[in-house]
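Accompanying notes for the structure given below.
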Ligand code: CA
């Protein structure tokens, strides 16, 4: 039940804190507040949250450092982190996702969208990751890793080895935003050398070959790509 869940809000702007506290409490979450990095660490040590909402610009430090600390600490390694950022902080979003943050939301946000995002992150965290050789079937697209085969509406689609790896990487975790370098690292070892930039080229080719199913690969502007949830 949502009522069991504790969310730590790390945010120094009072009005945003209040907005978050009000909406999260109304949605049945227990809310802890921290106004900075040090307070957040103390709060986590005293009462481990089920999810951290993390502002990136904090008075006593950088939210990204807190994210790095959460991921390094065995106790908090898997605690979901949703970054709350201002517009135009794409570089920070990318850095945060690469540090292992689960998702982000850009200010100003609607409480409804924020709650949906939090629920989606908590749901995805509770789902076992698809094993590397499991068949994936979503929205009419089927991926057979063992056979290196992709079907769209039962029709086979010819993909290069690298295109296949890119698609597989995204489709294994629908709804997750992947940065270009996360994709490049995931597909490393294919025939082609994949750089951050060439990920875009792979995606263009993939979408073209997948036809109507190409829209399942969504562009997250300034950040990367995700497979439709
Ligand atoms: Ca701030």
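Residue numbers (this note's numbering): 20 to 248.
Every residue, glycine too, gets a C-beta built ideally from N, C-alpha and C.
- With 7 Å as the limit between CB and the heavy atoms of ligand 1, the residues that fall short of it are 30, 31, 32, 74, 76, 77.
- Relative to the Cα of residue 241, the nearest Cα in the group 114, 187, 137, 24 belongs to 114.
- Residue environment analysis places residue 122 among the buried positions, since at least 16 neighbouring C-beta atoms fall within 10 angstroms of its C-beta.
- Counting along the chain, residue 139 sits inside the alpha helix (DSSP H) bounded by residues 130-145.
- Taking 4 residues as the minimum length, the alpha helix (DSSP H) runs contained wholly in the segment 53-128 are 56-65, 82-91, 109-118, in order along the chain.
- In summary, residue 99 is buried, with 16 or more beta-carbon neighbours lying within 10 Å of its beta-carbon over all protein chains present.
- The C-alpha of residue 68 lies about 5 Å from the C-alpha of residue 26.
- Ranked by Cα distance from residue 54, the options 135, 162, 30 are led by 30.
- Residue 143 is not a Cβ neighbour of residue 88, given a cutoff of 8 Å.
- For residue 169, the three-state secondary structure derived from DSSP is strand.
- For the 8 Å CB-CB criterion, residue 189 and residue 197 form a contact.
- Uninterrupted alpha helix (DSSP H) stretches at least 4 residues long and entirely within the segment 177-215 occur at 180-190, 199-205, given in chain order.
- Rounded to whole angstroms, residue 82 and residue 139 show a C-alpha spacing of 22 Å.
- Scanning its chain for C-beta atoms nearer than 7 Å, with the 5 sequence neighbours on each side dropped, one finds around residue 62 the residues 27, 51, 53, in chain order.
- Rounded to the nearest whole angstrom, the CA to CA distance from residue 59 to residue 71 is 9 Å.
- The residues 124, in chain order, have a CB closer than 6 Å to that of residue 133 in the same chain once the five nearest residues on each side in sequence are set aside.
- Buried is the label assigned to residue 120, since at least 16 other Cβ atoms lie within 10 Å of its Cβ.
- A distance below 8 Å separates the beta carbons of residue 224 and residue 182.
- By the beta-carbon neighbour count (other beta carbons within 10 angstroms, threshold 16), residue 245 is buried.
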